[in-house]
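Enquirer: Could you have a look at this structure, given as structure tokens, before my questions?
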Ligand code: DGY
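As structure tokens, this is what we get:
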């Protein structure tokens, strides 16, 4: 490509990333950070050489249908690609890349925080204090539950699930996991982890359950009303992966009825909308999709996007290919 490629970025990125993108590419940035409408996305797809969308965009088959002749690469800013219709992208011969590894530790930190916040009732305590309702220390006030010695069930022992398990060991939690494949002996031994081939069997025995699989058609509502009913009533659920893996309405019902003890949620089925019942519940910690939200992490994610785009335009295979139909 003799000319600089036209790279359209759908959201504001950290300054250092945008500066480098402008040096390397004919970059069209979104400085006021207004999310693109579906029409605007379609127009961008018609004219770009490379699209850089992110989780807040709905890159559905219709948008991909607008792809112009020059578009060859969708370099997603983020690791999850459930917002991109991969089948439609594959049919169009588009390469899709993501940004793995660089947000693993930050997301695991945030998940560990949710695991602590729920059982120890930290959000409730802060709300009481800020509301002027703290009468001072008392022996039976605001009692939560001990973390040490409890069983943590991890659904999806990939990069983030493993990083969480390492942290959880430090807090004295016993690690249990369900995954498509059992992890290697060495890792299992390091984590002293117990593998459950059957998810339904595992969840009935856990004190805390944390979701770490990607959202795909197979994992949509993996935690259905039926599965949620299998959880012990003292169980806390944590989700910093994707909202659609849990049936949010069924979760709100279970929490309302006291069928489970609480939840810590960083992701939601229809972001930024939150199921109204969840907003009313004291025993739910709600965070605005903060998993990878560190400046360092977001700069590293941008760097990954740049490396993928640069490799592609220089005629190499982008390293983080999710779909590689062309090469
Ligand atoms: C991801 O990368 O998938 C995060 O959820 C958003 O950045």
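Residue numbers (the working numbering): 913 to 1239.
Note that CB positions come from ideal geometry on N, CA and C, so glycine has one too.
(1) With hydrogens ignored, establish whether the beta-carbon of residue 1179 is closer than 8 Å to any heavy atom of the ligand DGY.
(2) Would DSSP call residue 928 helix, strand or coil?
(3) Below 8 Å, is the gap between the Cβ of residue 1203 and the nearest heavy atom of the ligand DGY?
(4) Have a look at residue 1219 and residue 944 and give me their C-alpha separation to the nearest angstrom.
(5) Is residue 1161 helix, strand or coil by DSSP?
(6) In its own chain, which residues sit with a C-beta less than 7 Å from the C-beta of residue 1216, not counting the 5 before and 5 after it?
(7) Quick check on the DSSP output: what are the complete beta strand (DSSP E) runs of length 3 or more inside the stretch 1054–1086, in order along the chain?
(8) Measure the alpha-carbon distance for residue 1006 versus residue 961 and round it to whole angstroms.
(9) Which of the three DSSP states, helix, strand or coil, is assigned to residue 1148?
(10) Given a cut-off of 9 Å, decide if residue 1027 and residue 1008 are closer than it, judged by their beta-carbon atoms.
(11) How many angstroms separate the CA atom of residue 915 from the CA atom of residue 937?
(12) Rounded to a whole number of angstroms, what is the C-alpha to C-alpha distance between residue 1085 and residue 1150?
(13) Which residues in the same chain as residue 1054 place their Cβ atom closer than 8 Å to its Cβ, once the five residues preceding and following it in sequence are excluded?
(14) Let me check one thing: in DSSP terms, what residues is residue 918 bridge-paired to?
(15) Give the single residue among 1154, 1092, 1210 whose Cα lies nearest to the Cα of residue 1180.
(16) Can you tell me the Cα-Cα spacing of residue 1046 and residue 967, whole angstroms?
Expert: On the basis of the data shown:
(1) In the chain shown, the residue the question calls residue 1179 occupies position 267. Short note on residue 1179: C-beta closer than 8 Å to some heavy atom of the ligand DGY.
(2) Here residue 928 refers to the residue found at position 16 when the chain shown is read from its first residue. Residue 928: helix per DSSP, three-state reduction.
(3) Along the chain shown, one-based indexing puts residue 1203 at 291. At least one heavy atom of the ligand DGY is nearer than 8 Å to the Cβ of residue 1203, so yes.
(4) Along the chain shown, one-based indexing puts residue 1219 at 307. Along the chain shown, one-based indexing puts residue 944 at 32. C-alpha separation (whole angstroms): 25 Å.
(5) Here residue 1161 corresponds to residue number 249 of the chain shown, with the count starting at 1. Three-state result, residue 1161: helix.
(6) On the chain shown, position 304 is the one that residue 1216 refers to. For residue 1216, where only same-chain residues beyond five positions count, the Cβ hits under 7 Å are 1011, 1014, 1232.
(7) Here the runs fully enclosed are 1063–1067.
(8) Along the chain shown, read from residue 1 onward, the residue named residue 1006 stands at position 94. Along the chain shown, read from residue 1 onward, the residue named residue 961 stands at position 49. Between residue 1006 and residue 961, the C-alpha separation is close to 11 Å.
(9) Residue 1148 sits at position 236 when you count from the first residue of the chain shown. Of the three classes helix, strand and coil, the one that applies to residue 1148 here is strand, per DSSP.
(10) As a position in the chain shown, residue 1008 is number 96, starting the count at 1. As a position in the chain shown, residue 1027 is number 115, starting the count at 1. Residue 1027 is positioned such that its CB atom lies no closer than 9 Å to that of residue 1008.
(11) Against the chain shown, residue 915 aligns to sequence position 3. Against the chain shown, residue 937 aligns to sequence position 25. Approximately 9 Å, taken between the alpha carbons.
(12) Taking the chain shown and counting its residues from 1, the one referred to as residue 1085 is at position 173. Taking the chain shown and counting its residues from 1, the one referred to as residue 1150 is at position 238. If you take the alpha carbons of residue 1085 and residue 1150, they lie about 15 Å apart.
(13) Position 142 of the chain shown, counted from the start, is the residue given in the question as residue 1054. If we look at residue 1054 and ignore the five residues flanking it on each side, its Cβ neighbours are 1033, 1036, 1037, 1040.
(14) For the purposes of this step, residue 918 is taken as the residue at position 6 of the chain shown. DSSP output for residue 918 lists 938 as bridge partner(s).
(15) Reading the chain shown from its first residue, position 268 is the one you call residue 1180. Among 1154, 1092, 1210, the Cα nearest to that of residue 1180 belongs to 1154.
(16) Taking the first residue of the chain shown as 1, we reach residue 1046 at position 134. Taking the first residue of the chain shown as 1, we reach residue 967 at position 55. Cα-Cα distance, rounded: 39 Å.
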